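The structure appears right after this line, and notes come after that.
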Amino acid sequence: MSSHWILGPGAIGRLLAHSLSPFTAIALISRRALPEQQIFTSPEGEQQTRLLHVLTVDQLVSETHGQPGFVHITTKAMSAEAALASIAEVIPPTTPLVLWQNGFLAQPRITQAWPGPVLCATTTEGAYLTGDDGVVNAGRGHTYVGDLHNQHAKLAEQLAQTLTQAGLTAMAVDDIRQRLWQKLAVNAAINPLVALNGIRNGELRDEAYARRVESVVKEVAAIMRAEAIAPPEGEQGEKAWLALVWKVVENTANNKASMLQDIEAKRPTERGAILGPLVESAQRHGLTSEVLQALDAEIAELEAAYGR
Ligand code: KPL
1 MSSHWILGPG AIGRLLAHSL SPFTAIALIS RRALPEQQIF TSPEGEQQTR
51 LLHVLTVDQL VSETHGQPGF VHITTKAMSA EAALASIAEV IPPTTPLVLW
101 QNGFLAQPRI TQAWPGPVLC ATTTEGAYLT GDDGVVNAGR GHTYVGDLHN
151 QHAKLAEQLA QTLTQAGLTA MAVDDIRQRL WQKLAVNAAI NPLVALNGIR
201 NGELRDEAYA RRVESVVKEV AAIMRAEAIA PPEGEQGEKA WLALVWKVVE
251 NTANNKASML QDIEAKRPTE RGAILGPLVE SAQRHGLTSE VLQALDAEIA
301 ELEAAYGR
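According to full-length UniProt numbering, the sequence shown is numbered sequentially starting from 1.
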């Protein structure tokens, strides 16, 4: 039976560790030590305490721990490459990786650099941490897995089956690139604006912010067209992207978006993984990205002020 190593003990990492552990060997790997006893709360509110195999990166590289069947990288987008580098010496270069990052930064880079198969996953599972020893699966969702060049369909199918058996409904897909860009497009219209204004997602519908959402979507829609990415369903074009953004705003109206949480906790944001690929794509295709660049600069300014 192939074991799953999970690198990054955030909400998705711990959700994976808890879900997979009754079915397969797992190791939850982090930079700093975490308690082995971890509490999992299901979407129905049931609590279970499990003894998980937790390891620090230092322990992993200084001891012998066998070889993993899969390594899931569940760090933030900007930490994924460094996290992989920190354990690369103890895993064979043929090890399949699964990247769970937001945006579209870590995925193409690691796919190009890693000799073995690289799967990407995108999920709508809701999860949040309750400290060093707890994770809550706040809402069930769907997970899609595939690789950017559609060369590892069997492996994606095997992983999707394992995840589904573990209670995380998953499907292998041949359009993961599109799905990652679609998620990024919606994220770009919500995350920076709510982070800059310190508001819940639903407040974007207020007149004071709605115009700015529209101007972000205008640029994003043109970039998506150039990248040959259509909205997931229904019509094409700017109107369809805007409708999708407002639908997500409505469905997540009470959410404190991830970028706002990062700003409040004075952590680096994922602006490079969300706005970066859009700005880079606009430049490549000769499109304007003034609004996106202005958002990026404003977020960068907030991050630069952390230490002051
Ligand atoms: O995915 C999200 C995030 O918080 O990062 C959105 C869609 C903005 C919902 O909060």
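Here a beta-carbon is modelled for each residue, glycine too, at the ideal position from N, C-alpha and C. Keep in mind that this is a model prediction, so the values were computed, not measured.
Under the three-pair Cβ rule at 8 Å, the segment 187-198 counts as touching the segment 213-226. Around K266, the same chain offers Y306 as residues with beta carbons nearer than 8 Å, after the five sequence neighbours per side are excluded. Secondary structure at Q37: strand, using DSSP grouped into helix, strand and coil.
Linking N201 to A253 through their CA atoms gives a straight-line distance of about 5 Å. DSSP assignment within the segment 114-193 yields the following whole beta strand (DSSP E) runs of 3 residues or more, N-terminal first: 118-123, 126-129, 134-139, 143-146 and 170-172.
Taking C-beta atoms as the reference points, M224 and A257 fail to come closer than 9 Å. E125 sits close to T143, with the two beta carbons spaced by under 9 Å. At least one heavy atom of the ligand KPL falls within 8 Å of the beta-carbon of K183. Taking T288 as the centre and dropping the five residues before and after it, the same chain places the C-beta of E219 and A282 closer than 7 Å to its C-beta, in chain order. Non-local beta-carbon contacts of A304 in its own chain, meaning distances under 7 Å to residues more than five positions away in sequence, are absent.
If you check the C-beta of N197 against the ligand KPL, you find no heavy atom less than 8 Å away. The Cβ atoms of V135 and F23 do not sit closer than 9 Å to each other. Non-local beta-carbon contacts of R179 in its own chain, meaning distances under 6 Å to residues more than five positions away in sequence, involve T122 and Y144 in chain order.
In terms of side-chain proximity, the C-beta atom of A257 is found nearer than 8 Å to a non-hydrogen atom of the ligand KPL. The DSSP-derived three-state label of S281 is helix. Relative to the ligand KPL, even the nearest heavy atom lies 8 Å or more away from the CB of V279. When DSSP states are grouped into helix, strand and coil, L60 belongs to the helix group. The Cβ atoms of L119 and V98 sit closer than 9 Å to each other. Not one heavy atom of the ligand KPL sits closer than 8 Å to the Cβ of N150. With respect to the 9 Å criterion, A17 and L52 are classified as neighbours on the basis of their beta carbons. Looking at the DSSP output, V54 sits in a beta bridge with L28. Excluding residues up to 5 positions away in sequence, V118 and L148 lie with their Cβ nearer than 6 Å to the Cβ of T111 in the same chain. T94 sits in coil when the DSSP states are folded into three classes, being neither helix nor strand.
Per DSSP, I6 is one residue of the beta strand (DSSP E) stretching across H4 to L7. For H72, the uninterrupted beta strand (DSSP E) run begins and ends at F70 to I73, by DSSP. With a threshold of 8 Å, the Cβ atom of T123 does not count as near the ligand KPL, since no heavy atom of the ligand is closer than that. Here DSSP, grouped into helix, strand and coil, assigns T111 to helix.
DSSP places Q101 in the coil class of the three-state scheme, outside both helix and strand.
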